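Chains as they are written, first to last, in this note's numbering: chain A, 1 to 492; chain B, 1 to 81; chain C, 1 to 274; chain D, 1 to 492; chain E, 1 to 134.
Idealized CB from N, CA, C, for every residue including glycine.
Since the model is a prediction, treat every value here as computed from it, not as a measurement.
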Amino acid sequence: METIVSVKPLLAVLVTLFVIPVLVSSSGKPNARESWIFIAGTIKLVLILSMLPVILEGKQIVLTLFEIAPGASIAFRVDGLGMLFAIVAASLYIVTSIYSIGYMRGLNEHGQTRFVSFFALAISATIGAAFSANLLTLYLFYEILSLATYPLVTHHQDATSKISGRRYLIFILGTSIGLVLPAMIYCYHVTGTLEFTTAGIFADQLSKPGATVLLLMFVFGFAKAGIMPFHTWLPAAMVAPTPVSALLHAVAVVKVGVFSIVRVLTGIFGVQLLGDFNLGVVVMTIASVTILLASCIALSQDELKRRLAYSTISQLSYIIFGVALLSPQGLLGGVIHIAMHAFGKITLFFCAGAIFVATGKKYISQMSGLGRRMPFTFAAFFIGALGVIGLPPTGGFYSKWNLILGTLEAQQTLFMLVLLVSSFLNAFYFLPIVYKGFFGKSPDEDDTTPVKIKEANLCCVIPLMITAVISIGLFFYPTIFVNLIKVGLAIK
Amino acid sequence: MHWPIDMIVLTFIIFCAIAAISVKDLLATAILFGAYSFMMCLLWAVMGAVDVAFTEASVGAGVSTVFFVAAVFRTSRRTKD
Amino acid sequence: MKFLGFIVVCLTGALLLYGTGDFSNWGDPNSPASLHLSNEYIERALEETQVPNLVTAVLADYRGFDTMFETAVIFCAGLACFLLLRDFREKKQRFYRHIPTGVILHVKNSKKVLPVGREFEHIDKDWVPSDLIIKTVCRILVPFIQIYAMYVVAHGDFSPGGGFQGGVIFGSSLILIAISYDLKILVRRIKEKVFGIFAAVGVLIYVGIAALCMPMGGNFLDYSKLAPLLPGDPHHVRALGMLGVEIGVGIAVTAVMVIIYINIVSEGRLEEGL
Amino acid sequence: MDNYPALIVVTPLLAALLAGLAAWIEDRLSYPIALMGLALSTFFAFKVLMQVIGSGTIHYRMAGWAPPMGIEYTIDLLNALVLLLVSGIAFLNLIASYPSVNQETNDRAASFYTIYLLFVTGLLGVTATGDLFNLYVLIEITSLTSYAMVALGDRDRGPIASLNYVFIGVIGASFYLLGVGYLYLKTGSLNMADVAHILSGIQGSSTVLVGFILCMLGIWIKMALFPMHVWLPNAYTYSPVAFSRVVAPLMTKVMVYVMIRLMVTVFGLDYIFNTLHLADAAVWLATIAILAGGVMALAQKNLKKMLTYIIVCEIGYMVGGAWMGNQLGMTGAILHIVNDALMTFALFLAVGNMVYKLKTIDLPDLKGLFGKMPWTMAGFVLAALSIIGVPPTCGFFSKWYLLLGALEAGAYHFAAALIISSLICAILFFKVFEICFFESLAGGHETAHGVVEIEEAPVSMLIVSGLVSLSIIVVGLYSGTIVNSIILPFLK
Amino acid sequence: MTDSLPYIVAKYNYWLYVILMMIGLYAMIAKNNLIKKLVGMNIFQTAIILFYVSIGYKTDATIPIIQNAHGGHDAHAAVIHAADYINPLPHVLMLTAIVVSVATFGVAMALAVRIYQRYQTLEEDELRMRISEE
């Protein structure tokens, strides 16, 4: 495969890192600070997009920074998969930045400079993870992301966030140090390399039980992916301000976890090896359990953000599920779900945040009739919900369609059922909200609320409109993402 | 080979050592310790280590004991063990 | 603790005894320890350094680097004792004795200092009349001890002795003054500061001589390169260098011994002692 | 100039004496003299390192006598590296120490600097020397100075801690001296290279075996390997902070260096691992040390004391790595000497800043420190992450080599201990972070306008703290270079 | 008995040093009084010095000071037999060791005085009690 050496990936990672000192120094001037974020975010996106044509041609961009040991270096390699993830993350970063202005100022939150700084650090780490050329680099950015997110999760600095933060760390850091690190070192010990290659790095060093254990260590170890039973941090982390939940817990953090698992499955083990040892089924089973259980739990949640969180947990497992199918269609469907779910879910989170900003309401049971007061928000919510359920005309349909085709292709009819059932469950826990929002009894019709509820401020509403529109747009034009995946995973 | 003499000196050294760490009066310890050092220095002189013996005579039996007595003077003389 | 200590001690003893199994016999002239380096030193030292006392030759020349640090250790000890114990606070109470009458004055919490001299004298809390015999004997002995100490330093090249032993002896002579007379008399005669300076200067003489060899074109401590600076027989340069450092050691050790003593005995107040 | 090796050690010694003398004239003179001495020493150390990398091992004959007769400095890559580390850290610490020395030992500042310099002289000498007995004398200098320093710290507990340290320290040094005596009895020589040469012919001797065990025991006591660690926590906790900042990172690390030097240069790895069968026992001991250190650290309520137990734990890393019996383990151990020195130094620098401002560092007193001392805490967090072993800080990379070494040697218990200790350290430090981060605002939310007043330590302390914390990352990223250009050539 | 006697005689110095060392070590570990521990420490160190001096000893050899050297520069003309003189190297080492031990002893004494000033006792158990009381 043709490779090009370029510093662009490094720059793309660093640009939001270097803006942090600027942010800190302009902490007294919110407007200046926010414009710096935009500039950095835009530069980042432009840098990433400028690499797009090259990648679509089937080339890869590589850059080796530090050689730690033979076969283990800190290096970037941009391929289709990473590019897909980077585009999603970087573009949503800009949108979220607009949104967080509205949200944070709307609620008059404290420590905004700290917030935006760590946000920038987190997005840097996300892009770094997307462009990682090997497991070591991926692990590095994975850990940075874990730590950078901690102050964001615990932003409120109160007792609840302390407990959530503790849980977040125990699960995320505990699994990555306790499971991924030894597994990674073992891989290096056995093979002498950690480079992602399509064929996998193992020749015949692994026995089936060994491979299973190693695989499970990775799958559970990347706990950001929210595979049960290592998922409980995710609902807990919903105490964070909504922009954090939106970008990080719908897009960046959890997707980095999923992305890591995808990388390990496709780049470290290799589709071939997984197929030989029949390990795909193992992963699929784990993913299916998570999908179904999480959906059921989501049904019982009254707090909107928590319901979204459980929905996220189940949707993340779709991606792993798809990859574990090991068939081209399944891979395509799984990976493209990274993008599709991202746009859908971020819309939902934005809506949840906008409702909170406008009304201060967190519970679904209080939201009946709000849709008539906040029509744009609830319309966007509807679109987002469709995307997550997987119905046309949203991008979510495209990925779910491919996933189902994948199960057929891999002749796993039983697992197709899982998908269908869970889609129904999705519909059950989302659509009632929309229905009640538009057609339910409105609270201020009784004049109990003196202040008339209206839409949240523009900075909140515009982003969610944008993401909703993109979500629909992806139904019609998924080509770029599809091509990227085909290039990245060498699928015909 | 004058090992009988050596033996006697050595026995005396061990006696002094044990006595120094077991008497209950620290001043007596100081004196026994001085005696111990002096015996030691005799032994070394016999072995031909004149410089070492000289040093031990001036340091171990001399100055160290003085320090010891000074410290006992400033602290307590009695001890339980 | 006692039992545990006993076990540890027995284990260590067993280990050491196990090690002795393979020793050569005591005094065996053919043991490896007595052959390899030892012979080289014995046969070459006199020729190379012109110092008949092999211990001094090895101590101050072949392994002079060790000795330099040994002196530094001594300096450290002095400094450490000073740091740990020296107490600059004014003492709350003072005792004076009116000599003609023998009345003892006890001054409490007062800044006032009585003129010490013919009428009054400083005394310790527990006044013990100084014994004339001891005083006189010591007064006679001290100069001889000091001369002997200097002899030991200077003659270290030819006979047992050297800077360290000489220094200790000189130090003990000063300690003897402190014991037989009074700590205050010693401290008044030779200020504490002087001891401090001497301790540092002593080590500095050693390090200085050693370092001087470097600009003279040799390695550190290479006395032979000092030949142009020294008068007399060029063969004796090394011996002279050694004498120089021994004097440094002597000065440092003297000062440090006194510093340790006066600080311990007076709990750092330098007022009353043994 | 070819006198650099001697000058590295002699300059601080001279400076110590001059600083002591200058104090009699004018107290303020001693600080600049001390600073100059260490600056020169660092410069020489750097020169020597460059020279060694360029043209190989330097042999410097003291007094011009050929090696077995006279004392020789043998500076190879390992020495040179540790020399630079020691002098550099001592120098940086001296820069940062000025305010805290004035605060803590005001009337004795000059004596403090003198003893400090003598201590550094001792460490440098221990590192540079190629003679077994010279090593002993220099160990005694470092010990004697530390006894004095420890007693200078806490008025009540300092002397007791110090006297305990004296007893155990003397036992350690005496064991080492005895070991050297046993070796001397068998070889008739004291020069390391010469002894090694003679030893290779008499490997079966029980005297050599006992000599070896005694040397190791002595050094282990001096470095505070687990059951022999009892002196360390109290001694380091109660010493003045300016001193604990230098003794904590350097003393134990230099002793580890001595151990490696004895193993590699004097006894030879072949003798240790092929003739003796003690390696397993030593690795087990190290494993226990790691776990015990971590667990004991958990029980502490004082930050400084907690860190001292972490030192005990880290010593286990290095001992285990060195005794692993393979190149990877040894590489890890040597790399960890550098890394651990830097991390511990950074931690103690931060502690120093806290002590300077707060006067106490019992954990509950650290409330709200993130707000009050953000820069100090930033340094502290970085160093703590490095101890936990998060990439790209240097702690991760030495752990990487240690783990690889453990896997290669089949010492899975050691690998497990490493992972567990990482987790324990994570718990430990996040416990501290939680206190510093949450407790300040326990009363409720603060608005963006209610800025917490910043009370930072003096600039000199902050700059040093920042520099060292950054160097943790830089050294981490360049650890491949360090390994390839210094450690591997040394081990070959 | 007649066989083992020469064996014992040949090494008795080494054995006795072990005994002395054990006495010293025992005192350091088990004694309760700090000053006693210090005495133990000194015994321990002198035992090691005894060991070194024993290494240096050679039968039928004299002290390591070259005789007839006062004659001047033709001294080196006379052949020096290594076997005639005792090994000087251990003596040199032990001079240093003695100095180190007296230095340590001095510092330790100073520490003991400091501890006594503060706690009015030198017994370890009482010290521990006083500390835990505070």
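Determine the contact status of G41(A) and S97(A), defining contact as a CB-CB distance below 8 Å. Numbered from its first residue, the first sequence carries residue 41(A) at position 41. Numbered from its first residue, the first sequence carries residue 97(A) at position 97. Going by C-beta atoms, G41(A) is nearer than 8 Å to S97(A).
Mind checking if P231(C) is an interface residue toward chain E, Cβ cutoff 8 Å exclusive? The count along the third sequence starts at 1 and reaches residue 231(C) at position 231. With 8 Å as the cut-off, P231(C) does not count as an interface residue toward chain E.
Would C41(B) pass as a contact of A57(B) if the rule is Cβ separation under 8 Å? Within the second sequence, numbered from 1, the residue matching residue 41(B) stands at position 41. Within the second sequence, numbered from 1, the residue matching residue 57(B) stands at position 57. It is a contact, given that the beta carbons lie within the stated cut-off.
So K436(A) is in the alpha helix (DSSP H); what residue range does that whole segment cover? Working through the first sequence from its first residue, we reach residue 436(A) at position 436. 413 to 439 is the extent of the alpha helix (DSSP H) around K436(A).
C-alpha gap between G78(C) and V245(C), whole angstroms: Along the third sequence, one-based indexing puts residue 78(C) at 78. Along the third sequence, one-based indexing puts residue 245(C) at 245. Near 19 Å, if we compare the C-alpha coordinates of V245(C) and G78(C).
With a cut-off of 8 Å, does the C-beta of G34(B) fall near any C-beta of chain C? What you label residue 34(B) is simply residue 34 of the second sequence in a count that begins at 1. Judged by the 8 Å Cβ criterion, G34(B) is not in contact with chain C.
Classify F438(D) as helix, strand or coil using the three-state DSSP reduction. Numbered from 1 along the fourth sequence, position 438 holds the residue referred to as residue 438(D). F438(D) falls in the helix class under three-state DSSP.
Kindly indicate if chain D contains any beta-carbon less than 8 Å away from that of E133(E). By one-based count along the fifth sequence, residue 133(E) stands at place 133. So, not an interface residue.
Should A227(C) and F220(C) be called a contact, given that it needs their Cβ atoms to be closer than 8 Å? To locate residue 227(C), count along the third sequence from 1; it is residue 227. To locate residue 220(C), count along the third sequence from 1; it is residue 220. Against a cut-off of 8 Å, the Cβ pair of F220(C) and A227(C) comes out as no contact.
Applying the criterion that 16 or more other CB atoms from any shown protein chain within 10 Å of the CB defines a buried residue, is T136(C) buried or exposed? Here residue 136(C) refers to the residue found at position 136 of the third sequence. Within 10 angstroms of the beta-carbon of T136(C) lie fewer than 16 other beta-carbons, which makes it exposed.
Amino acids of chain D, ordered along the chain, whose beta-carbon sits closer than 9 Å to that of M109(E): For the purposes of this step, residue 109(E) is taken as residue 109 along the fifth sequence, with counting starting at 1. Per Cβ cutoff of 9 Å: no residues; M109(E) is ~10 Å from chain D at best.
Cβ distance (whole Å) where A34(D) is taken to contact Y116(D) below 8 Å: Locating residue 34(D) in the fourth sequence gives position 34, where the first residue counts as 1. Locating residue 116(D) in the fourth sequence gives position 116, where the first residue counts as 1. Going by Cβ atoms, the distance from A34(D) to Y116(D) rounds to 7 Å, so yes, they are a contact pair.
Counting only runs of 3+ residues fully inside the region 12 to 69 of chain A, write out the beta strand (DSSP E) ranges in chain order. Listed in chain order, the complete beta strand (DSSP E) runs (minimum 3 residues) inside the region 12 to 69 of chain A are 60 to 69.
Assuming A406(D) contacts M324(D) under a Cβ cut-off of 8 Å, what Cβ separation, rounded to an integer in Å, is found between them? The residue you call residue 406(D) lines up with position 406 of the fourth sequence. The residue you call residue 324(D) lines up with position 324 of the fourth sequence. Their Cβ separation, rounded to whole angstroms, is 6 Å, which keeps A406(D) and M324(D) in contact under 8 Å.
Residues of the region 140 to 156 of chain D whose Cβ lies closer than 8 Å to any Cβ of chain C, in chain order: E140, I141, L144, T145, Y147, A148, A151, L152
Rounded C-alpha distance that separates A252(C) from A30(E): To locate residue 252(C), count along the third sequence from 1; it is residue 252. To locate residue 30(E), count along the fifth sequence from 1; it is residue 30. Roughly 36 Å separates the two Cα atoms.
Check whether the Cβ of G294(D) lies closer than 8 Å to any Cβ atom in chain C. Here residue 294(D) is taken as the residue at index 294 of the fourth sequence, counted from 1. Not an interface residue.
Relative to the C-alpha of T74(D), which candidate in D270(D), T129(D), Q51(D), A39(D) has its C-alpha closest? Position 74 of the fourth sequence, counted from the start, is the residue given in the question as residue 74(D). Checked all of D270(D), T129(D), Q51(D), A39(D); the closest Cα to T74(D) is T129(D).
What did DSSP end up calling I361(D) once you bin it into helix, strand or coil? Taking the first residue of the fourth sequence as position 1, residue 361(D) is located at position 361. Coil at I361(D), not helix or strand.
CA-to-CA distance, I261(A) to I87(A), given in whole angstroms: Position 87 of the first sequence, counting from 1, holds the residue named residue 87(A). Position 261 of the first sequence, counting from 1, holds the residue named residue 261(A). About 19 Å.
Rounded straight-line distance, which links the Cα of A237(A) to that of A354(A): Taking the first residue of the first sequence as position 1, residue 354(A) is located at position 354. Taking the first residue of the first sequence as position 1, residue 237(A) is located at position 237. Rounded to the nearest angstrom, the two C-alpha atoms are 19 Å apart.
When Cβ atoms are compared, which residues of the region 176 to 191 of chain A fall closer than 7 Å to chain D? I177, G178, L181, P182, I185, Y186, Y188, H189
So, L250(D) versus L347(D), is the Cβ gap smaller than 8 Å? Here residue 250(D) refers to the residue found at position 250 of the fourth sequence. Here residue 347(D) refers to the residue found at position 347 of the fourth sequence. Their beta carbons are not under 8 Å apart, which means L250(D) does not touch L347(D) by this criterion.
So, helix, strand or coil for I8(D), using DSSP? Stepping through the fourth sequence from its first residue, residue 8(D) is reached at position 8. I8(D): helix per DSSP, three-state reduction.
So, using beta-carbon positions, are L63(A) and S132(A) closer together than 8 Å? Taking the first residue of the first sequence as 1, we reach residue 63(A) at position 63. Taking the first residue of the first sequence as 1, we reach residue 132(A) at position 132. Result no, Cβ atoms of L63(A) and S132(A) do not sit closer than 8 Å.
Bounding residues of the beta strand (DSSP E) (the contiguous stretch that carries A569(A)): This structure cannot speak to residue 569(A), because chain A is shown only from 1 to 492.
Span separating the alpha-carbon of W26(C) from that of V39(E): As a position in the third sequence, residue 26(C) is number 26, starting the count at 1. As a position in the fifth sequence, residue 39(E) is number 39, starting the count at 1. Taking the straight line from one Cα to the other gives about 28 Å.
Are the C-beta of T126(A) and some C-beta of chain D separated by less than 8 Å? Residue mapping note: residue 126(A) aligns to position 126 of the first sequence, counting from 1. Closer than 8 Å: no.
Output the distance between the C-alpha atoms of H445(D) and R114(A), rounded to the nearest integer angstrom. Reading the fourth sequence from its first residue, position 445 is the one you call residue 445(D). Reading the first sequence from its first residue, position 114 is the one you call residue 114(A). Any reading at H445(D) needs caution, since the residue's pLDDT is 43, under 50, leaving its predicted position unreliable; the model's value is listed next. About 15 Å.
Of the listed residues F75(C), I42(C), I264(C), H122(C), nearest to I63(E) (C-alpha basis): For this step, residue 63(E) is matched to residue 63 along the fifth sequence. When only C-alpha atoms are compared, the closest one is I42(C).
So that I know if they touch, is there some Cβ in chain D lying closer than 8 Å to that of K29(A)? By one-based count along the first sequence, residue 29(A) stands at place 29. Not closer than 8 Å to any Cβ of chain D, the Cβ of K29(A) fails to qualify, so no.
Over what stretch of residues does the beta strand (DSSP E) that includes V487(A) continue unbroken? Translated into positions along the first sequence, residue 487(A) becomes position 487. Not the beta strand (DSSP E): V487(A) falls in the alpha helix (DSSP H), residues 479 to 489.
Answer yes or no: does any C-beta atom of chain D fall closer than 8 Å to that of D61(C)? The residue labelled residue 61(C) in the question sits at position 61 within the third sequence. Yes, its Cβ sits closer than 8 Å to a Cβ of chain D.
Assign D222(C) to one of three DSSP states: helix, strand, or coil. Counting from one through the third sequence, the residue named residue 222(C) turns up at place 222. Coil, per DSSP.
Suppose you measure from the CA of W15(E) to the CA of I55(E); what does that come to, to the nearest Å? Numbered from its first residue, the fifth sequence carries residue 15(E) at position 15. Numbered from its first residue, the fifth sequence carries residue 55(E) at position 55. W15(E) and I55(E): Cα-Cα distance of roughly 12 Å.
Between the alpha carbons of F414(D) and A235(D), how many angstroms are there, rounded? Within the fourth sequence, the letter at position 414 stands for residue 414(D). Within the fourth sequence, the letter at position 235 stands for residue 235(D). Those two C-alpha atoms are separated by around 28 Å.
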